Amino acid sequence: MIIRGVSRSILYAFLTVLALAVLYPLLFTILSSFMTEKEVAVFPPPLFPHQLYLGNFIKALQTVPILRFIVNSFVVSAAITISQVITSSLAAYAFAFLNFRFKGPLFLLYLSTMMIPWEVTVIPNYLTIKSLGWMDSYQGLIVPFMAGAFGVFLLRQFFLQLPHELFDAAKIDGCGQLRTFFSIVMPLSRPALSTLFVYVFLNHWNSYLWPLLITNKPTMRTVQIGVSMLQHEEVMSWNLILAGVSLVLLPSFVMLAFGVKQLIRGITAGAIKG
Numbered sequence: 004m005i006i007r008g009v010s011r012s013i014l015y016a017f018l019t020v021l022a023l024a025v026l027y028p029l030l031f032t033i034l035s036s037f038m039t040e041k042e043v044a045v046f047p048p049p050l051f052p053h054q055l056y057l058g059n060f061i062k063a064l065q066t067v068p069i070l071r072f073i074v075n076s077f078v079v080s081a082a083i084t085i086s087q088v089i090t091s092s093l094a095a096y097a098f099a100f101l102n103f104r105f106k107g108p109l110f111l112l113y114l115s116t117m118m119i120p121w122e123v124t125v126i127p128n129y130l131t132i133k134s135l136g137w138m139d140s141y142q143g144l145i146v147p148f149m150a151g152a153f154g155v156f157l158l159r160q161f162f163l164q165l166p167h168e169l170f171d172a173a174k175i176d177g178c179g180q181l182r183t184f185f186s187i188v189m190p191l192s193r194p195a196l197s198t199l200f201v202y203v204f205l206n207h208w209n210s211y212l213w214p215l216l217i218t219n220k221p222t223m224r225t226v227q228i229g230v231s232m233l234q235h236e237e238v239m240s241w242n243l244i245l246a247g248v249s250l251v252l253l254p255s256f257v258m259l260a261f262g263v264k265q266l267i268r269g270i271t272a273g274a275i276k277g
């Protein structure tokens with residue numbers, strides 16, 4: 004018993020060290036954003052600032068329109084996320100519960116698109132958006148990503164774990180497919196839907212290459228490009244750059260804070276039987 008307790012303590016200590024190693028870059032970024040330029044220039048740089056200096060955030064907001072970048076990224080990420088949740092849930096329901104010809108091959112064909120590198124589709128998507136006149140527009144940033152195979156696969160696997168007795172009872176009560184979908188499947192699938200929501204939102208919040216390709220106006224830039232513009236403007240002011248990075252990370256923290264419980268439930272769903 005004592006040996007088991009010592010082993011557990013050693014394991015917890017090891018995991019704590021690993022957690023601190025993973026969190027150190029994040030803590031360094033946030034704490035450095037409150038330092039003055041003189042403090043950051045010291046080698047080795049201090050971990051904690053002498054005082055909470057807010058001038059970096061004010062200067063970062065004055066140097067580039069970061070708030071505009073945050074609004075653009077939020078609109079684009081939210082629109083893509085909502086679109087993928089809707090399209091993925093409908094397609095997953097069809098592949099899970101409806102019977103139609105070539106259902107299996109079509110699902111495999113749909114999943115095979117996940118093996119195509121995104122870089123292969125960049126040029127065709129770019130030429131399509133350019134021919135439609137959607138450069139420097141929200142629709143150009145949103146439309147190419149309104150559907151995805153990953154969400155369909157995730158939700159289909161979750162839907163198949165739902166009790167079939169519920170669907171039998173719904174059929175006896177005269178429920179159609181749409182009523183079954185909205186009244187039974189969607190409420191029971193909140194963990195999986197939350198997982199997909201958080202994953203898609205953060206993935207497109209951190210998108211860099213596509214917004215860089217199709218946006219030229221500063222008013223249509225997103226946060227990731229905004230941080231790079233800040234670095235270009237002030238190459239040596241790392242405290243200013245890290246202040247901008249902290250502002251960019253804030254919505255991600257809020258999203259994880261509100262969705263982490265559902266995210267964990269969605270990830271672990273089906274891991275334990277019974």
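The sequence shown begins at 4 in our numbering and counts up one residue at a time. For each residue, glycine too, the CB sits at the ideal point set by N, CA and C. As the structure is a prediction and not an experimental result, all values here were calculated from the model.
Quiz item: Would E42 pass as a contact of P52 if the rule is Cβ separation under 8 Å?
Solution: For this step, residue 42 is matched to residue 39 along the sequence shown. For this step, residue 52 is matched to residue 49 along the sequence shown. In contact: E42 and P52 (Cβ atoms closer than 8 Å).
Quiz item: So the alpha helix (DSSP H) P127 belongs to, where does it begin and stop?
Solution: Reading the sequence shown from its first residue, position 124 is the one you call residue 127. First-last of the alpha helix (DSSP H) with P127: 125-134.
Quiz item: Nearest to A82 by alpha carbon, out of Q142, A195, L215?
Solution: As a first step, residue 82 must be located in the sequence shown, where it is residue number 79. Among Q142, A195, L215, the Cα nearest to that of A82 belongs to Q142.
Quiz item: What is the DSSP secondary structure of E237, counted as helix, strand or coil?
Solution: Here residue 237 corresponds to residue number 234 of the sequence shown, with the count starting at 1. Only weak support exists for where E237 lies, its pLDDT of 44 falling under 50; the value from the coordinates is given anyway. Residue state for E237 is assigned as coil, using DSSP reduced to three classes.
Practice problem: Determine the DSSP secondary structure at G179, reduced to helix, strand or coil. | Solution: Taking the sequence shown and counting its residues from 1, the one referred to as residue 179 is at position 176. Reduced to three states, the DSSP call for G179 is coil.
Quiz item: According to the Cβ coordinates, are L135 and P214 closer than 8 Å?
Solution: Here residue 135 corresponds to residue number 132 of the sequence shown, with the count starting at 1. Here residue 214 corresponds to residue number 211 of the sequence shown, with the count starting at 1. No; because the gap between Cβ atoms is not below 8 Å, this pair is not in contact.
Exercise. Taking only the alpha-carbon atoms, compute the straight-line gap between P48 and T218 and give it to the nearest angstrom.
Key: Counting from one through the sequence shown, the residue named residue 48 turns up at place 45. Counting from one through the sequence shown, the residue named residue 218 turns up at place 215. Those two C-alpha atoms are separated by around 37 Å.
Practice problem: May I ask which residues mark the beginning and end of the alpha helix (DSSP H) holding S91? | Solution: The residue labelled residue 91 in the question sits at position 88 within the sequence shown. Residues 69-100.
Quiz prompt | Q54 (DSSP reduced to helix, strand or coil) | solution = On the sequence shown, residue 54 is found 51 positions in, with the first residue counted as 1. Looking at Q54 - three-state DSSP - the assignment turns out to be coil, as it is neither helix nor strand.
Practice problem: Output yes or no for whether 8 Å exceeds the beta carbon distance between A24 and G247. | Solution: Mapped onto the sequence shown, residue 24 falls at position 21. Mapped onto the sequence shown, residue 247 falls at position 244. Not a contact, by the Cβ cut-off of 8 Å.
Quiz item: Exposed or buried, V230, counting other C-beta atoms within 10 Å across all chains shown (16 or more means buried)?
Solution: Translated into the one-based positions of the sequence shown, residue 230 becomes position 227. Buried is the call here.
Quiz prompt | Three-state secondary structure (DSSP) of R193 | solution = One-based indexing of the sequence shown puts residue 193 at position 190. Of the three classes helix, strand and coil, the one that applies to R193 here is helix, per DSSP.
Quiz item: Counting Cβ pairs closer than 8 Å, one from the stretch 191-211 and one from the stretch 149-163, do we hit at least three?
Solution: yes
Quiz item: Which residues in the same chain have their Cβ closer than 7 Å to the Cβ of Y96, if we skip the five residues on either side of it in sequence?
Solution: Counting from one through the sequence shown, the residue named residue 96 turns up at place 93. F162, F184, V188.
Exercise. Verify whether the separation of the beta carbon atoms of L243 and L233 is less than 8 Å.
Key: As a working note, residue 243 is residue 240 in the sequence shown. As a working note, residue 233 is residue 230 in the sequence shown. Cβ distance < 8 Å, so L243 and L233 count as in contact.
Self-check item: The alpha helix (DSSP H) enclosing K106, as first and last residue numbers
Solution: Counting from one through the sequence shown, the residue named residue 106 turns up at place 103. Note, K106: alpha helix (DSSP H), 106-115.
Quiz item: On the three-state DSSP scale, how would you describe I13?
Solution: Sequence index remark: in the sequence shown, residue 13 carries index 10 (1-based). The answer is helix: DSSP assigns I13 an H, G or I state.
Practice problem: Determine, using beta carbons only, whether L245 and S36 come nearer to each other than 8 Å. | Solution: Sequence index remark: in the sequence shown, residue 245 carries index 242 (1-based). Sequence index remark: in the sequence shown, residue 36 carries index 33 (1-based). In this structure, S36 lies closer than 8 Å to L245 by Cβ.
Quiz item: From L252, Q87, S76, pick the residue whose C-alpha is nearest to that of P28; which is it?
Solution: By 1-based counting over the sequence shown, the position of residue 28 is 25. Proximity to P28 across L252, Q87, S76 peaks at L252, based on C-alpha coordinates.
Practice problem: Take L205 and list the residues in its own chain whose beta-carbon comes closer than 7 Å to its own, dropping the five residues that flank it on each side. | Solution: Numbered from 1 along the sequence shown, position 202 holds the residue referred to as residue 205. Same-chain partners within the cutoff: S255, M258.
Quiz item: Mind checking whether M223 and D171 have CB atoms under 8 Å apart?
Solution: On the sequence shown, position 220 is the one that residue 223 refers to. On the sequence shown, position 168 is the one that residue 171 refers to. Result no, Cβ atoms of M223 and D171 do not sit closer than 8 Å.
Exercise. Under the assumption that A152 contacts T116 (Cβ atoms under 8 Å), give the Cβ distance between them as a whole number of angstroms.
Key: Counting from 1 along the sequence shown, the entry for residue 152 is found at position 149. Counting from 1 along the sequence shown, the entry for residue 116 is found at position 113. That belief holds up - the Cβ atoms of A152 and T116 are roughly 5 Å apart, short of 8 Å.
Quiz item: Start and end of the alpha helix (DSSP H) containing F103?
Solution: Numbered from its first residue, the sequence shown carries residue 103 at position 100. Counting along the chain, F103 falls outside any alpha helix (DSSP H), and DSSP gives it neither H nor E.
Exercise. With a 10 Å radius around its C-beta and 16 neighbouring C-beta atoms as the bar for buried, classify A44 as buried or exposed.
Key: Taking the first residue of the sequence shown as position 1, residue 44 is located at position 41. Classification for A44: exposed.
Quiz item: Measuring CB to CB, does W241 end up less than 8 Å from S80?
Solution: Start at 1 with the first residue of the sequence shown, and residue 241 comes out as number 238. Start at 1 with the first residue of the sequence shown, and residue 80 comes out as number 77. At the C-beta level, W241 and S80 stay beyond 8 Å of one another.
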